[in-house]
Amino acid sequence: MKAVTDSPSSRRVKFAELASKRVNRATAAIGSIGNLSNRTNYEWTEQDAKKILRELRKAVKEVEDRFFNKGGRSGRTFLIEP
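For the sequence shown, position 10 matches number 23 in the working numbering, and the numbering has no gaps at all.
#1: Using three-state DSSP, classify K83 as helix, strand or coil.
#2: Look at the Cβ atom of L66, then the Cβ atom of I43, and state whether they are nearer than 8 Å.
#3: Thinking C-alpha only, which one of D78, N82, A72 and K83 is nearest T90?
#4: If you draw a straight line from the alpha carbon of D78 to that of P95, how long is it in whole angstroms?
#5: Kindly indicate which three-state DSSP category T58 falls into: helix, strand or coil?
#6: Given a cut-off of 8 Å on the beta-carbon distance, is the pair K63 and I93 in contact?
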């Protein structure tokens, strides 16, 4: 017999809570990345910006694949050389 905390409605509540927290945290982090575009404070190249955006698109694509295509995680680490 399943535990009460494992009911479909409690799993939905848990999903909604975690999804809201994680998406809000991710969008805040993306906003912080956007702050790096300030050329007064930072020196960056167009190549750097393209690399960042390409990596973000890959991460979003992986999430999409996990939801709809049962894809796995890449486990890669992003790095821009100074």
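All C-beta atoms, glycine included, are put in the ideal place defined by N, C-alpha and C.
The relevant details are as follows:
#1: K83: coil per DSSP, three-state reduction.
#2: No. Outside cutoff.
#3: Taking only the C-alpha atoms, the option nearest T90 is A72.
#4: In a straight line, the C-alpha of D78 is about 32 Å away from that of P95.
#5: Three-state DSSP puts T58 in coil, outside helix and strand.
#6: Result no, Cβ atoms of K63 and I93 do not sit closer than 8 Å.
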